[in-house]
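All remarks here apply to the structure that follows.
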Amino acid sequence: MTPARGRSVPRDRDDEGRALNARPRDALGRPLPYGAKGVARLEEGAVREPQETITMAADLFGQKLPFHAHEVFEDAWKSAPREWRDLWKGLAQLAVGITHAARGNRTGAARLLIRAAEHLEMFAGTQPYTIDVDAVRAWAVRTAGELNESRDSGPRWLEPPALTRNLR
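Plus 14 on top of the position in the sequence shown (first one is 1) and you've got the numbering used here.
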């Protein structure tokens, strides 16, 4: 049903008035109409140990659910101590870049992959929580370049980089 001119559709809100998004979503995080069968969502704001975050995100990538991997990394980014936030933010942006490519938005995908590499730069030469930062950054920059040079259009699945040497 379309709202009358000047009236908005009621938004999902929690008891304190904060916006909620109760709409179902597809595998790439796009909202579906109310009542549609979507992909199960993860609990928002979950606090996980770093290794659990990495393992869970790698598993979601393996299931071709990069939007969900982004949510896992975003939870880590929001709950991490300040000195670790760029690591998790970079990985969240990597997952969103993969999501945009799968949705067919190659320009947005390339931009997010570059941002991911920029956020991970301060961790270059290290392997925090066994994350192979240099390999992930190299993949993001190389893949962004390929996306920018590509003349193909439409959705494209980007096989994510191995996050660690002992995963995937």
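Idealized CB from N, CA, C, for every residue including glycine.
Between the Cα of residue i and the Cα atoms of the options, which residue gives the shortest distance?
| i | options | result |
| --- | --- | --- |
| E160 | A124, G52, W102 | A124 |
| I128 | K51, T157, D89, L56 | T157 |
| L260 | P175, I68, G122, D40 | Because the chain is modelled from 15 through 182, residue 260 falls outside the range shown and cannot be assessed. |
| D166 | A138, T121, R44 | T121 |
| F75 | L105, D100, K51, D89 | L105 |
| E88 | T67, Q77, E97, A72 | T67 |
Where DSSP assigns a beta bridge to residue i, which residues make up the other side?
| i | result |
| --- | --- |
| R39 | P45 |
| T144 | Note: T144 sits in no beta bridge, so no partner. |
| T178 | I145 |
Can you tell me where the alpha helix (DSSP H) with residue i in it begins and where it stops?
| i | result |
| --- | --- |
| F87 | 80 to 93 |
| Q77 | Looking at the DSSP string, Q77 is not in any alpha helix (DSSP H), and its letter there is neither H nor E. |
| L56 | First-last for L56: undefined, no H or E at that position. |
According to DSSP, simplified to helix, strand and coil, what is residue i?
| i | result |
| --- | --- |
| R165 | coil |
| L101 | helix |
| A138 | coil |
> Would you say the region 43 to 61 touches the region 123 to 134, given that touching needs at least three Cβ pairs under 8 Å?
Replying inline: The region 43 to 61 makes no contact with the region 123 to 134; the number of CB pairs closer than 8 Å stays below 3.
>> Assess contact between the region 109 to 124 and the region 83 to 90, defined as three or more Cβ pairs (one per stretch) separated by less than 8 Å. Is contact present?
In response: Yes: the two stretches touch, three or more of their Cβ pairs being nearer than 8 Å.
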